[in-house]
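Colleague: Counting from 47, one number per residue, gives the positions in the sequence shown under the working numbering.
Note that CB positions come from ideal geometry on N, CA and C, so glycine has one too.
Please read these numbers as outputs of a predicted model, since none were measured by experiment.
Sending over a structure as structure tokens; questions will come in a sec.
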Amino acid sequence: MKITYIHHSGFLVETQEVYYLFDYAKGELPRLNTAKPILVFVSHGHTDHYNPEVFSLLTSLKMEHITAVLSNDIPGKRLPSCLKLTTREESGQIRCQGFIPAVKVYHSQDYALPFHTQLKTLLSTDRGVAFFLTCAEGTIYHAGDLNDWSIEETPEQERRQMTGSYLASIRALKGKAIDIAFLPLDPKLGKYYAKGFLTFLKTIPVKHVYPMHYWEQPEIITQFLQEYPEYADIIATP
Numbered sequence: 047m048k049i050t051y052i053h054h055s056g057f058l059v060e061t062q063e064v065y066y067l068f069d070y071a072k073g074e075l076p077r078l079n080t081a082k083p084i085l086v087f088v089s090h091g092h093t094d095h096y097n098p099e100v101f102s103l104l105t106s107l108k109m110e111h112i113t114a115v116l117s118n119d120i121p122g123k124r125l126p127s128c129l130k131l132t133t134r135e136e137s138g139q140i141r142c143q144g145f146i147p148a149v150k151v152y153h154s155q156d157y158a159l160p161f162h163t164q165l166k167t168l169l170s171t172d173r174g175v176a177f178f179l180t181c182a183e184g185t186i187y188h189a190g191d192l193n194d195w196s197i198e199e200t201p202e203q204e205r206r207q208m209t210g211s212y213l214a215s216i217r218a219l220k221g222k223a224i225d226i227a228f229l230p231l232d233p234k235l236g237k238y239y240a241k242g243f244l245t246f247l248k249t250i251p252v253k254h255v256y257p258m259h260y261w262e263q264p265e266i267i268t269q270f271l272q273e274y275p276e277y278a279d280i281i282a283t284p
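What follows is the structure, given as structure tokens:
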């Protein structure tokens, strides 16, 4: 799999058969093979994770096969007219003449998507879902906004509840082998910036980890590696 960091939580994953584009908000895409299908994943409706113009952008690039996979929290008024919503049962094979097929996904569900892609969704601790994909080349996890969002200003009881909710969600991945994981590492959380990140690494085996959601402050990755050098072999830097 070829991984391209775009912006914030946006990543492009290229396999032999398909492109997977996650949480595009803005940024320049690499040169794409227009004949290769692309699946566009949107974990939730926050503007730093979803830009409706991604579909017109891909259309302008002459991408021939586009499929949208959208969290159910995105309101209809924020869905461009080029999308054609399909049912869960149709999502694996439908093609909409003149439209981009789109399926809305709900948390804690399994979906068969086009191009031999299996999807499991997890409940976010903020909005929407997280994605766990299985394809021919391996497994991919994109957290969206599923994280331990503990901050120092909140009462201890609320922090405990947040941590418990986070652990309850990621337990759905126990026993899964994860090749690629995109995980939040957020400097806005202060001293708890790496709490959810570390919890995930200690709970779920991962081969390669791509930090995200660091608000154009990549130095937070350097800080993490200085504090936790034992993870240096699996952490990718932009």
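#1: Go to residue 109, then tell me how far its beta strand (DSSP E) extends in each direction, as first and last residue.
#2: Could you tell me the boundaries of the beta strand (DSSP E) in which residue 214 lies?
#3: If we ignore side chains and look at the alpha-carbon of each, how far apart do residue 238 and residue 126 end up?
#4: Going along the chain, which residues of its own chain have a beta-carbon closer than 7 angstroms to the beta-carbon of residue 145, five neighbours each way excluded?
#5: Tell me which same chain residues have a C-beta within less than 6 angstroms of the C-beta of residue 184, skipping the five on either side of it?
#6: If distances are taken between C-alpha atoms only, which option among 219, 103, 263, 284 comes closest to residue 165?
#7: If contact is defined by three or more beta carbon pairs under 8 angstroms, each pair taking one atom from either stretch, is the segment 109-128 in contact with the segment 148-158?
#8: For the candidate residues 169, 233, 268, 174, whose alpha-carbon lies nearest to that of residue 91?
#9: With a cut-off of 8 angstroms, do at least 3 Cβ pairs link the segment 183-201 to the segment 262-275?
#10: Can you tell me whether residue 145 is helix, strand or coil according to DSSP?
#11: Around the C-beta of residue 121, are 16 or more other C-beta atoms found within 10 angstroms, so that it is buried, or is it exposed?
#12: Can you tell me which of 162, 168, 262 puts its alpha carbon nearest to the alpha carbon of residue 62?
Modeller: Let me spell this out:
#1: It is not in any beta strand (DSSP E) - residue 109 carries neither H nor E in the DSSP assignment.
#2: Element bounds for residue 214: not the beta strand (DSSP E) but the alpha helix (DSSP H), 202-216.
#3: 37 angstroms
#4: 128, 129, 130
#5: 225
#6: 219
#7: yes
#8: 174
#9: no
#10: Residue 145: coil per DSSP, three-state reduction.
#11: By the 10 Å Cβ count, residue 121 comes out exposed.
#12: 162
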